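**Q**
In UniProt numbering, the protein residues as written are 1 to 139.
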């Protein structure tokens, strides 16, 4: 009995038709609709192959194999090589702000002052004997 009911339901589903309903402005004319077959009844699916994959399209070529290799090469050269070459370029840029030069110059001055027997830092920033002060009468 159950198989008969299933077959009857399947047969009734294919017989059921759907009506298209319009939401346009109403007029005084007669309403006419056509019976349209349901979408499930119209489309027939072929056999599905489990081993055929939907290829990802990357926009390089219509052939999936060539498209994938072009994508790999493009990303390798644009990302990996940019990081390597960019990092090397930044590493070999000249001394920014002359920090290394200032350090070397300070080390040379320290060695020179130690050799002369002078203190590393003098209490006077400028030599007081070389400063020219205006006379008190000029004010």
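Even glycine gets a Cβ: it sits at the ideal position worked out from N, Cα and C. If you're wondering where the values come from, they're calculated on a predicted model, not measured in any experiment.
Tell me whether the beta-carbon of residue 61 lies closer than 8 angstroms to the beta-carbon of residue 49.
**A** no
**Q** If you run the structure through DSSP and keep just helix, strand and coil, what is residue 35?
**A** strand
**Q** Reducing DSSP to helix, strand and coil, say where residue 63 ends up.
**A** coil
**Q** So the alpha helix (DSSP H) residue 84 belongs to, where does it begin and stop?
**A** 81 to 91
**Q** Output the residue ranges of the alpha helix (DSSP H) runs that lie fully inside the region 94 to 136 and measure 4 residues or longer, sorted by chain position.
**A** Runs of the alpha helix (DSSP H) inside the region 94 to 136: 99 to 116.
**Q** Of the residues 58, 120, 74, which one's Cα is nearest the Cα of residue 67?
**A** 58
**Q** Throw me the rounded Cβ distance for the residue 113 and residue 120 pair, which I believe falls under 8 angstroms.
**A** 6 angstroms
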